[in-house]
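Undergrad: Right, I'll just put the structure down here and ask away after.
2 protein chains.
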Amino acid sequence: MRVLIVEDDPDLSRQLGEVLKDMGYAVDVANDGEEGHFLGDTEPYDAVVLDLGLPVIDGVSVLQKWRADGKTFPVLILTARDQWSEKVAGFDAGADDYLTKPFHTEELLARLRALLRRAAGHTTDTIEVGGLMVDNRAARAFVDGMPIKLTSHEFRLLSYLAMHRGRVISRTELVEHIYDQDFDRDSNTIEVFVGRLRRKIGTDRIETVRGLGYRLLDPAAENNKK
Amino acid sequence: MRVLIVEDDPDLSRQLGEVLKDMGYAVDVANDGEEGHFLGDTEPYDAVVLDLGLPVIDGVSVLQKWRADGKTFPVLILTARDQWSEKVAGFDAGADDYLTKPFHTEELLARLRALLRRAAGHTTDTIEVGGLMVDNRAARAFVDGMPIKLTSHEFRLLSYLAMHRGRVISRTELVEHIYDQDFDRDSNTIEVFVGRLRRKIGTDRIETVRGLGYRLLDPAAENNKK
DNA sequence: ATCCGCCCTGAACGAAATCTGAATATCGAG
DNA sequence: CTCGATATTCAGATTTCGTTCAGGGCGGAT
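Sequence order for the protein chains is A and B. Using this note's numbering, you'd call the opening residue of the first sequence number 295 and step up by one each time. Using this note's numbering, you'd call the opening residue of the second sequence number 295 and step up by one each time.
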């Protein structure tokens with residue numbers, strides 16, 4: 295899952311960035327409205343955290359532009375306390391949730407998870423596919439109840455596949471959602487990670503669809519074969 | 295599904311080409327308006343992605359010429375940001391949708407799918423023909439609920455037949471829509487693929503119409519027969 | 001600040017699936 | 001029955017994928 299933070303307070307944005315990375319997200323940070331708008335327009339984020347009080351272009355305008363351009367990613371807006379009018383304007387512009395500053399990072403994480411979940415059509419933070427369980431809340435995975443040790447990128451890959459289980463995901467899409475902006479993809483890192491994941495969760499869980507990409511499937515459901 | 299990209303920025307066109315191929319389209323790329331116009335006039339595309347700012351001949355003129363010549367394929371135009379006048383001119387010239395640069399690839403894909411669907415007179419990503427289901431989004435096919443394992447070319451072939459079910463499709467048309475431009479068809483690859491498909495989805499689903507081509511039909515419905 | 005260890009990247013190489021083109025067999029119309 | 005059209009089969013050729021490994025970066029520990 296890849297997230298954009300648009301926040302002008304350097305302390306806050308840095309701290310948020312760290313927390314989100316710890317949780318296993320790929321994170322980009324923009325420091326003003328213009329940069330934020332550009333990134334949101336350019337990169338395929340799974341969610342955006344948007345401060346409404348921003349230099350250069352204010353948050354509501356940024357959000358309006360995105361929505362006018364057809365961007366559908368969920369947006370969580372941050373408002374100063376008691377700025378009720380701003381909040382309303384944010385919702386009118388197409389926000390999906392809000393949080394008033396100051397807030398507890400735990401709450402931000404919870405709301406963000408809820409947004410990501412909803413966008414992918416799930417109702418819980420944990421996804422189970424035939425004995426494999428992915429816990430997005432704790433950033434952990436289990437096979438038949440046994441915890442699996444995954445590195446951060448391995449988890450991101452698995453989580454993304456789990457969120458879209460059954461669908462074929464192209465290498466391109468995986469790269470775009472697992473890495474943040476500055477990454478040259480001219481290597482075979484995805485293949486390498488898929489290989490490692492397979493060794494950890496079992497070979498038959500990730501199917502490769504030649505020429506298209508990968509798909510997470512339930513090895514128990516025997517009707518996946520042939 | 296065969297798509298033409300007319301785009302002068304080599305980075306962008308290369309990247310777009312890759313993404314679209316990932317999604318299973320056959321893709322041709324033209325680097326300027328003249329080449330683009332020629333290809334669009336000559337080859338039977340299912341959709342075109344057309345940049346408006348082009349060398350030699352500009353995008354709007356290209357589009358006007360195509361429409362004047364009776365070309366009906368859907369055209370998605372790309373405009374630089376905030377070039378509202380260009381956008382309007384594009385629509386007047388007969389564009390079906392637009393996207394402002396920069397954009398993220400998933401949005402382009404979604405809009406392209408929507409255009410292709412609309413053009414084929416369908417409203418969802420999945421097509422069902424008597425127990426056979428083709429899911430263009432997930433790049434999967436099912437027979438009576440059982441997933442069928444298809445290679446990417448087999449899937450393209452099936453998808454095209456499903457999009458035009460009931461119609462007789464000539465070998466030539468199939469080749470043109472499944473492969474990109476530089477392909478010598480002096481072989482019998484289509485027969486080979488049809489054979490493989492039949493083995494996988496059932497012999498009675500693809501009817502061969504002697505001297506004309508193939509047709510996908512519903513084996514349950516009796517009124518398909520000539 | 002420095003060292004150590006884990007993880008990531010990129011490349012190389014081998015393996016596997018798939019595609020192509022041709023040869024051969026079968027079918028259907030007249 | 002004959003001929004052209006379509007089916008089937010198959011072996012290279014080709015593309016795509018899996019695996020391994022070394023170098024290096026980053027973070028944590030000391």
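Every residue, glycine too, gets a C-beta built ideally from N, C-alpha and C.
Using only the alpha-carbon positions, how far apart do ASP390 of chain B and LEU370 of chain B sit?
TA: Position 96 of the second sequence, counted from the start, is the residue given in the question as residue 390 of chain B. Position 76 of the second sequence, counted from the start, is the residue given in the question as residue 370 of chain B. Straight-line Cα distance between these residues: approximately 6 Å.
Undergrad: Look at ALA374 of chain A and GLY347 of chain A and say whether their C-beta atoms are less than 8 Å apart.
TA: Taking the first residue of the first sequence as 1, we reach residue 374 of chain A at position 80. Taking the first residue of the first sequence as 1, we reach residue 347 of chain A at position 53. A contact, by the Cβ cut-off of 8 Å.
Undergrad: Find out if the Cβ-Cβ distance for the pair GLY424 of chain B, ASP498 of chain B is shorter than 8 Å.
TA: Residue mapping note: residue 424 of chain B aligns to position 130 of the second sequence, counting from 1. Residue mapping note: residue 498 of chain B aligns to position 204 of the second sequence, counting from 1. No, Cβ-Cβ distance for GLY424 of chain B and ASP498 of chain B is not below 8 Å.
Undergrad: How would you label ASP316 of chain A, buried or exposed, when you count the other beta carbons within 10 angstroms and need 16 or more for buried?
TA: Walking along the first sequence from the start, residue 316 of chain A turns up at place 22. ASP316 of chain A comes out exposed.
Undergrad: Spatial neighbours of ARG361 of chain A within its chain, please: CB distance less than 8 Å, with the 5 preceding and 5 following residues excluded, ordered by chain position.
TA: Here residue 361 of chain A corresponds to residue number 67 of the first sequence, with the count starting at 1. Excluding residues within five positions, the ones whose Cβ falls inside 8 Å are ALA387 and GLY388.
Undergrad: Go through the region 435 to 518 of chain B residue by residue and report every complete run of the alpha helix (DSSP H) that reaches 4 residues or more, in order.
TA: Taking only runs of at least 4 residues, the alpha helix (DSSP H) segments lying wholly in the region 435 to 518 of chain B are 446 to 457, 465 to 472 and 483 to 495.
Undergrad: Kindly indicate which three-state DSSP category LEU348 of chain B falls into: helix, strand or coil?
TA: Residue mapping note: residue 348 of chain B aligns to position 54 of the second sequence, counting from 1. In the structure shown, LEU348 of chain B sits in coil (DSSP, three-state: anything other than H, G, I, E or B).
Undergrad: Taking only the alpha-carbon atoms, compute the straight-line gap between PHE397 of chain A and TYR454 of chain A and give it to the nearest angstrom.
TA: As a first step, residue 397 of chain A is located in the first sequence; it is residue number 103 there, counting from the start. As a first step, residue 454 of chain A is located in the first sequence; it is residue number 160 there, counting from the start. So the two alpha carbons sit approximately 28 Å from each other.
Undergrad: Considering only their Cβ atoms, is the gap separating LEU510 of chain A from ALA435 of chain A smaller than 8 Å?
TA: Along the first sequence, one-based indexing puts residue 435 of chain A at 141. Along the first sequence, one-based indexing puts residue 510 of chain A at 216. No, the pair does not count as a contact, with Cβ atoms beyond the cut-off.
Undergrad: Closer than 7 Å, Cβ to any Cβ of chain A: which residues of the region 382 to 395 of chain B, in chain order?
TA: Answer set for the region 382 to 395 of chain B: THR394.
Undergrad: Taking the beta strand (DSSP E) that ALA404 of chain A belongs to, which residues open and close that run?
TA: The count along the first sequence starts at 1 and reaches residue 404 of chain A at position 110. Unbroken run through ALA404 of chain A is the alpha helix (DSSP H), 399 to 413; no beta strand (DSSP E).
Undergrad: Rounded to whole angstroms, what is the Cα-Cα separation between ASP419 of chain A and TYR339 of chain A?
TA: Counting from one through the first sequence, the residue named residue 419 of chain A turns up at place 125. Counting from one through the first sequence, the residue named residue 339 of chain A turns up at place 45. C-alpha separation (whole angstroms): 19 Å.
Undergrad: Could you check which residue in A:ARG490, A:LEU357, A:GLN475 and A:ASP480 has the C-alpha nearest to that of LEU452 of chain A?
TA: Working through the first sequence from its first residue, we reach residue 452 of chain A at position 158. Out of A:ARG490, A:LEU357, A:GLN475 and A:ASP480, A:ARG490 has the C-alpha closest to the C-alpha of LEU452 of chain A.
Undergrad: Along the beta strand (DSSP E) that carries ASP322 of chain A, what are the first and last residues, could you check?
TA: Here residue 322 of chain A corresponds to residue number 28 of the first sequence, with the count starting at 1. Start and end: 320 to 324.
Undergrad: Indicate whether LEU333 of chain A and LEU372 of chain A have their beta-carbon atoms separated by less than 8 Å.
TA: For the purposes of this step, residue 333 of chain A is taken as the residue at position 39 of the first sequence. For the purposes of this step, residue 372 of chain A is taken as the residue at position 78 of the first sequence. No.
Undergrad: Confirm, please, whether the CB-CB distance from VAL297 of chain A to VAL321 of chain A is below 8 Å.
TA: By 1-based counting over the first sequence, the position of residue 321 of chain A is 27. By 1-based counting over the first sequence, the position of residue 297 of chain A is 3. Result yes, Cβ atoms of VAL321 of chain A and VAL297 of chain A sit closer than 8 Å.
Undergrad: Quick check on the burial criterion: 16 or more other C-beta atoms within 10 angstroms. Buried or exposed for THR394 of chain B?
TA: Sequence index remark: in the second sequence, residue 394 of chain B carries index 100 (1-based). It counts as buried.
Undergrad: Assign LEU506 of chain B to one of two classes, buried (16 or more other C-beta atoms within 10 Å of its C-beta) or exposed (fewer than that).
TA: On the second sequence, position 212 is the one that residue 506 of chain B refers to. By the neighbour-count rule (16 or more Cβ atoms within 10 Å), LEU506 of chain B is not buried but exposed.
Undergrad: Counting C-beta neighbours from all protein chains within 10 Å, is the total for PHE449 of chain B 16 or more, i.e. buried, or is it exposed?
TA: In the second sequence, the residue the question calls residue 449 of chain B occupies position 155. PHE449 of chain B should be labelled buried.
Undergrad: Round the Cβ separation of VAL437 of chain B and ILE495 of chain B to the nearest angstrom and send it over; I've been treating them as touching at under 8 Å.
TA: Looking up residue 437 of chain B in the second sequence gives position 143. Looking up residue 495 of chain B in the second sequence gives position 201. Confirmed, Cβ separation roughly 5 Å.
Undergrad: When the distance is taken between beta carbons, is VAL350 of chain A closer than 8 Å to GLU380 of chain A?
TA: Locating residue 380 of chain A in the first sequence gives position 86, where the first residue counts as 1. Locating residue 350 of chain A in the first sequence gives position 56, where the first residue counts as 1. For GLU380 of chain A and VAL350 of chain A, no; Cβs fall outside 8 Å.
Undergrad: Starting from LEU372 of chain A, find everything on chain B with Cβ-Cβ shorter than 8 Å and list it in chain order.
TA: Sequence index remark: in the first sequence, residue 372 of chain A carries index 78 (1-based). Per Cβ cutoff of 8 Å: no residues; LEU372 of chain A is ~23 Å from chain B at best.
Undergrad: Kindly indicate which three-state DSSP category ARG361 of chain B falls into: helix, strand or coil?
TA: Position 67 of the second sequence, counting from 1, holds the residue named residue 361 of chain B. Note: ARG361 of chain B maps to helix in three-state DSSP.
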